[in-house]
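Peer 1: Numbering (our numbering), first residue to last: 2 to 175. The C-beta atom is built at its ideal place from N, Cα and C for all residues, glycine as well.
Structure follows, in structure tokens:
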């Protein structure tokens with residue numbers, strides 16, 4: 002997380018957005034319910050994420066919000082200058098919300114002009130970051146009144162990331 006935070010900070014310094022959106026890959030709500038080891042803690046709406054529970058160890062939604070909180074603290078972001086959303090949904094099931102595409106549209110419709118989006122759960126850019134965020138979301142943001150949209154790239158082939166990953170692999174191979 003330290004490396005990703007450093008990488009994000011470097012980009013934010015240059016971009017100076019009004020808001021930073023942390024977009025995570027979504028999953029169907031039923032997956033979150035199934036992962037609740039207590040079988041009673043999860044409320045899906047997020048009200049359970051701030052209540053200490055053994056369920057958090059396996060809760061993807063909670064871990065996404067904790068990652069956002071931890072990165073925001075390390076970046077010294079003020080409350081209200083960042084938020085969390087979930088992208089990439091398929092089929093007719095209910096998926097984790099808020100949805101990234103709707104969140105981005107609402108930002109623009111409500112007068113936000115400069116938005117940056119980061120996808121911290123992805124270590125390399127792919128269709129879900131390049132097309133869904135970098136192209137579709139950017140187009141939608143501008144079409145709805147936004148002016149400047151920047152997708153902060155994933156770590157990809159960043160030298161420090163590649164070195165860190167190779168050290169981890171060597172350690173795990175021992």
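Given that a residue counts as buried once 16 or more other Cβ atoms are within 10 Å of its Cβ, and exposed if not, what is residue 171?
Peer 2: Label assigned to residue 171: exposed.
Peer 1: Starting from the C-beta of residue 126, find all residues in its chain whose C-beta is less than 7 Å away, skip the five residues before and the five after it, and write them out in chain order.
Peer 2: Taken in chain order, the residues that qualify are 154, 155, 157.
Peer 1: Quick check on the DSSP output: the beta strand (DSSP E) that includes residue 55 runs from which residue to which?
Peer 2: No beta strand (DSSP E) holds residue 55; DSSP gives it neither H nor E.
Peer 1: Per DSSP, which one or two residues make a beta bridge with residue 109?
Peer 2: In the DSSP output, where bridge partners are listed per residue, residue 109 has none listed.
Peer 1: Following the continuous alpha helix (DSSP H) through residue 123, name the residue where it begins and the one where it ends.
Peer 2: Run containing residue 123: none; DSSP gives neither H nor E here.
Peer 1: If you reduce the DSSP assignment to three classes, tell me which class residue 156 lands in.
Peer 2: Coil.
Peer 1: Output yes or no for whether 8 Å exceeds the beta carbon distance between residue 25 and residue 108.
Peer 2: No. Outside cutoff.
Peer 1: Less than 8 Å separating the beta-carbons of residue 149 and residue 114?
Peer 2: Contact flag set, yes.
Peer 1: Quick one: is residue 92 buried, meaning 16 or more other Cβ sit within 10 Å of its Cβ, or exposed?
Peer 2: Counting Cβ neighbours within 10 Å, residue 92 comes out exposed, since fewer than 16 surround it.
Peer 1: Here's the rule: buried if 16 or more other CB atoms are within 10 angstroms of the residue's CB, otherwise exposed. What is residue 72?
Peer 2: Looking at its Cβ environment, which holds 16 or more other Cβ atoms inside 10 Å, residue 72 is buried.
Peer 1: Taking the alpha-carbon of residue 74 as reference, which of 7, 167, 169 has the nearest alpha-carbon?
Peer 2: Per the Cα distances, 7.
Peer 1: Figure out for me which residue from 130, 124, 147, 135 has the closest Cα to the Cα of residue 160.
Peer 2: Among 130, 124, 147, 135, the Cα nearest to that of residue 160 belongs to 124.
Peer 1: Apart from the five residues on each side of it in sequence, which residues of its chain come closer than 7 Å, Cβ to Cβ, to residue 10?
Peer 2: Cβ within range, chain order: 76.
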